[in-house]
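Sequential numbering from 23 applies to the first sequence in the numbering used here.
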Amino acid sequence: MTIKIASWNVNSIRARMPNVLNWLDTAKPDILMMQELKAQNEQFPNEEFEKRGYHLAVHGQKSWNGVAIISKEPIENVTIGLSGNDNDEQSRYIEATINDVQYCCLYLPNGNPVDSEKYPYKLEWLDRLYNRTKEMLANGTPFVLGGDFNIIPANEDCYDPTAWADDALFRLDSRRKFRSILNLGLTDAFRVEHRDIAESYTFWDYQAGAWPQNKGIRIDHFLMSPQITDRMLHCSIDKQPRGEEKASDHTPIILEIKK
DNA sequence: ATGGTTGTTCCACAA
């Protein structure tokens with residue numbers, strides 16, 4: 023038996039419902055983490071998901087951000103927001119327990135432009151994610167960090183590293199903090215399975231024909247705790263939804279683990 | 001160096 027877990031930055035849940043439902047009906051994930059809902063809790067289409075047998079945990083926000091977890095198995099202990107900064111108003115983090123595994127759905131700040139307050143906010147957010155990760159490791163909880171990290175981990179995760187050199191998604195400060203989280207003992211699910219495969223991306227800009235030219239970046243990730251790494255079966259990127267009409271600029275990443 | 005696109009909201013901003 024396997025558990026199929028997916029993560030997808032949908033770039034507006036209301037604009038993307040046909041695409042999301044279509045993908046759910048074919049891919050049939052047990053758990054889907056979504057980011058960039060661009061909707062408040064009241065605007066989230068609960069019924070469409072409940073009709074398909076999913077339980078919900080939603081942390082929305084007007085206009086921007088917003089994250090949700092939907093699951094075929096019951097969802098427990100929902101926590102909203104990433105601890106460590108009481109002044110953070112942005113809905114970018116939701117955590118819940120499903121069958122004794124902790125699922126952390128995150129939408130990490132983009133951080134551009136790097137000379138604005140947005141970049142230090144991104145770095146500060148990464149520090150808080152580091153602290154939460156360390157805490158869960160200390161507790162011995164099996165967990166999965168999944169979502170849009172807005173981080174290109176390495177050259178092979180980017181069609182043109184020089185073009186992105188000074189971008190907040192590729193800046194060394196961002197990548198060093200991402201690495202320090204990994205170095206606590208987590209495993210990048212996609213990269214551990216596809217060690218020598220480049221040009222596997224999860225995001226293609228809407229602009230300048232990025233999708234048809236495969237000018238993409240890999241910024242959506244699953245990072246697993248050691249217990250989940252031991253249960254991992256497979257991790258892949260499903261490029262199909264990116265080619266559909268009215269697509270999100272991101273495509274789903276899928277992680278399968280032993281039940 | 002610029003412009004290219006999409007979504008939400010209100011005529012700009014975020015990505």
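The beta-carbon is built from N, C-alpha and C at its ideal position, and this holds for glycine as well.
Bear in mind the structure is a predicted one, so any value in this text is a computation, not a measurement.
So what's residue i in DSSP terms, helix, strand or just coil?
{"i": "G238", "result": "strand"}
{"i": "D170", "result": "strand"}
{"i": "V136", "result": "coil"}
{"i": "Y141", "result": "helix"}
{"i": "E178", "result": "helix"}
{"i": "A79", "result": "strand"}
{"i": "N121", "result": "coil"}
{"i": "E267", "result": "coil"}
{"i": "E98", "result": "strand"}
{"i": "A190", "result": "coil"}
{"i": "E64", "result": "helix"}
{"i": "A230", "result": "coil"}
{"i": "E111", "result": "coil"}
{"i": "A220", "result": "coil"}
{"i": "W147", "result": "helix"}
Within 10 Å of its beta-carbon, does residue i have 16 or more other beta-carbons around it, so buried, or fewer, so exposed?
{"i": "R217", "result": "exposed"}
{"i": "H81", "result": "buried"}
{"i": "G297", "result": "Because the chain spans 23 through 281 in this model, residue 297 falls outside it and cannot be assessed."}
{"i": "P131", "result": "buried"}
{"i": "S270", "result": "buried"}
{"i": "A11", "result": "Residue 11 is absent from the structure shown; the chain starts at 23 and stops at 281."}
{"i": "K84", "result": "exposed"}
{"i": "S202", "result": "exposed"}
{"i": "D137", "result": "exposed"}
{"i": "D47", "result": "exposed"}
{"i": "K199", "result": "buried"}
{"i": "V214", "result": "exposed"}
{"i": "H243", "result": "buried"}
For the alpha helix (DSSP H) holding residue i, just list the boundary residues, first then last.
{"i": "S29", "result": "Element bounds for S29: not the alpha helix (DSSP H) but the beta strand (DSSP E), 24–31."}
{"i": "T48", "result": "35–49"}
{"i": "L204", "result": "194–204"}
{"i": "E70", "result": "68–73"}
{"i": "P7", "result": "This structure leaves residue 7 out entirely; the chain is present only between 23 and 281."}
Return the first residue and the last residue of the beta strand (DSSP E) that residue i is part of.
{"i": "Q57", "result": "53–57"}
{"i": "I91", "result": "89–93"}
{"i": "L104", "result": "Taken as a continuous stretch (DSSP letters only), L104 belongs to no beta strand (DSSP E), as it is neither H nor E."}
Per DSSP, what are the beta-bridge partners of residue i in this structure?
{"i": "H256", "result": "E278"}
{"i": "M246", "result": "V166, T209"}
{"i": "F225", "result": "I239, H272"}
{"i": "Y129", "result": "D170"}
{"i": "Y152", "result": "BP columns for Y152 are empty, so no partner."}
{"i": "I116", "result": "I102, C127"}
ask   = Should the segment 259–274 be regarded as contacting the segment 28–44, the criterion being three or more beta carbon pairs within less than 8 Å?
value = They touch, by the three-pair rule.
message = With three or more beta-carbon pairs closer than 8 Å as the criterion, would you say the segment 158–168 touches the segment 180–191?
response = By the Cβ rule, the segment 158–168 does not count as touching the segment 180–191, because fewer than three pairs are nearer than 8 Å.
ask   = Given 8 Å as the limit, is there contact between the segment 84–101 and the segment 199–215, that is, 3 or more CB pairs closer than that?
value = Touching, no.
inquiry  = Below 8 Å, how does it come out for the segment 175–189 and the segment 147–157: are there three or more Cβ pairs, yes or no?
reply    = Too few Cβ pairs lie closer than 8 Å, so no.
task = Decide if the segment 45–62 is in contact with the segment 122–130; the criterion is three or more beta carbon pairs, one per stretch, under 8 Å apart.
result = Yes, the segment 45–62 touches the segment 122–130.
message = Does the structure place the segment 106–124 close enough to the segment 172–180 that three or more beta carbon pairs sit under 8 Å?
response = Touching, no.
contact_flag[the segment 137–144, the segment 228–245] where n(CB pairs < 8 Å) is 3 or more = No, they do not touch.
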